[in-house]
Every structure is written in structure tokens, then in C-alpha cells.
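Asker: Here's a structure for you.
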Amino acid sequence: MDQLHNLADKAMADGHTVEWYNTGGIEYLEVDGSSATADVLDVLTKYV
């Protein structure tokens, strides 16, 4: 999970909007208004 937070931090530093949510102990994120896996990965893979 640390790596995911690291990638999200890099995306935010590059101007993307990242929102974290915790629902019933399950943490997930939304990037630029979308929580769809494909959209999130499309952004975060740029920072690997």
C-alpha cells in the first residue's frame, strides 16, 4: 500500500487530483474524478 500512496503523491505533485476513501476498512482512491481501475492505473503507471 505504501507504493500506491507514493504513486498517488507523485500524481498529485504533477497536478492530478487524488482523493482517498475508506469504506468499511477498505481503502480506495479516485484520480481526476474517477475511481475506475483502468482510469486510475492509466495515471499512476506514468510514475512507476
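Numbering-wise, the sequence shown is residues 23 to 70 according to this note's numbering. Think of the CB as a built atom: it goes at the ideal place given N, C-alpha and C, for glycine as much as any other residue.
Taking DSSP as the reference, what is the three-state secondary structure of Val40?
Answerer: Numbered from its first residue, the sequence shown carries residue 40 at position 18. Three-state result, Val40: strand.
Asker: Mind reading off the beta-carbon distance from Val17 to Val62? Whole number of angstroms is fine, and I expect it under 8 angstroms.
Answerer: A question about residue 17 goes unanswered here, because the residues of the chain that appear run from 23 up to 70.
Asker: How about Trp42 and Leu29: do their beta carbons lie closer than 8 angstroms?
Answerer: Start at 1 with the first residue of the sequence shown, and residue 42 comes out as number 20. Start at 1 with the first residue of the sequence shown, and residue 29 comes out as number 7. Not a contact, by the Cβ cut-off of 8 angstroms.
Asker: Less than 7 angstroms between C-beta atoms, sequence neighbours within five positions excluded: which residues of the same chain meet that for Lys32?
Answerer: In the sequence shown, residue 32 corresponds to position 10, counting from 1. These residues qualify, in order along the chain: Tyr69.
Asker: Which residues bound the beta strand (DSSP E) around Val53?
Answerer: Taking the first residue of the sequence shown as position 1, residue 53 is located at position 31. Ile48 to Val53 is the span of the beta strand (DSSP E), which, as asked, contains Val53.
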